[in-house]
Amino acid sequence: MYFEWKEEYEMGVEVVDRQHKKLLSIGRKLMTLIRTTDIIENFEEIKLIMNELRLYTIEHFSREEQFMKENGYPDLTSHAMEHEFLRKKLKQIYKLEQPDHETIIRLIAFVSDWISGHILITDMKIRNHLLQARKA
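Add 537 to a position in the sequence shown, counting from 1, and you land on the number used in the numbering used here.
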């Protein structure tokens, strides 16, 4: 299922985990709407939730980048570039004018997969950095 929280997403940093859960919650709300209503008839509501996801992503990424900076994360630049990629993609999706059902499903699936993969791979590098710093 898209936008579902999994234990393996746990970073052990309460504020970051809470933000990740909220991102997934907004995405799940969007996916539920898309699966249970007519996309054409409810496109404005879908766009509102897409914008909520876009805005919260911007907020979360800014906070996460600040957290990485404060904790001396060495790969901040590369990580921030990944964030910028999704920011741009969400902006493109938000600007779509009345796309068809198939396009919306594919785009939302892409966003869900990107977020999940980013948390599991890229964000876990932050976790590993923090664990190494605590050992030192």
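Note that CB positions come from ideal geometry on N, CA and C, so glycine has one too.
Nothing here was measured: the structure is a model prediction, and the numbers come from that model.
Could you check which residue in GLN556, LEU585, LEU561 has the C-alpha nearest to that of SER649? Residue mapping note: residue 649 aligns to position 112 of the sequence shown, counting from 1. Ranking GLN556, LEU585, LEU561 by Cα distance to SER649 puts LEU561 first.
Beta-carbon proximity check, LYS559 vs ILE586, cutoff 8 Å: Taking the first residue of the sequence shown as 1, we reach residue 559 at position 22. Taking the first residue of the sequence shown as 1, we reach residue 586 at position 49. No, these two residues do not count as a Cβ contact at 8 Å.
Can you give me the Cβ contacts of HIS545 inside the same chain, cut-off strictly under 8 Å, excluding the 5 residues immediately before and after it? Counting from one through the sequence shown, the residue named residue 545 turns up at place 8. At residue 545 the sequence reads Glu, which differs from the His that was named. Excluding positions up to five away in sequence, the list reads LEU657.
For LEU627, collect the residues of the same chain with a Cβ closer than 8 Å to its Cβ; drop the 5 residues on either side in sequence, then sort them by chain order. By one-based count along the sequence shown, residue 627 stands at place 90. Sequence-distant partners of LEU627 (beyond 5 residues in either direction) whose C-beta falls short of 8 Å from its own C-beta, in its chain, are MET587, LEU590, ARG591, THR594, VAL648.
Shortest alpha-carbon distance to LEU667 belongs to which of TYR631, ASP612, ASP575? Reading the sequence shown from its first residue, position 130 is the one you call residue 667. It is ASP612.
When the distance is taken between beta carbons, is ARG624 closer than 8 Å to PHE598? Residue mapping note: residue 598 aligns to position 61 of the sequence shown, counting from 1. Residue mapping note: residue 624 aligns to position 87 of the sequence shown, counting from 1. Yes.
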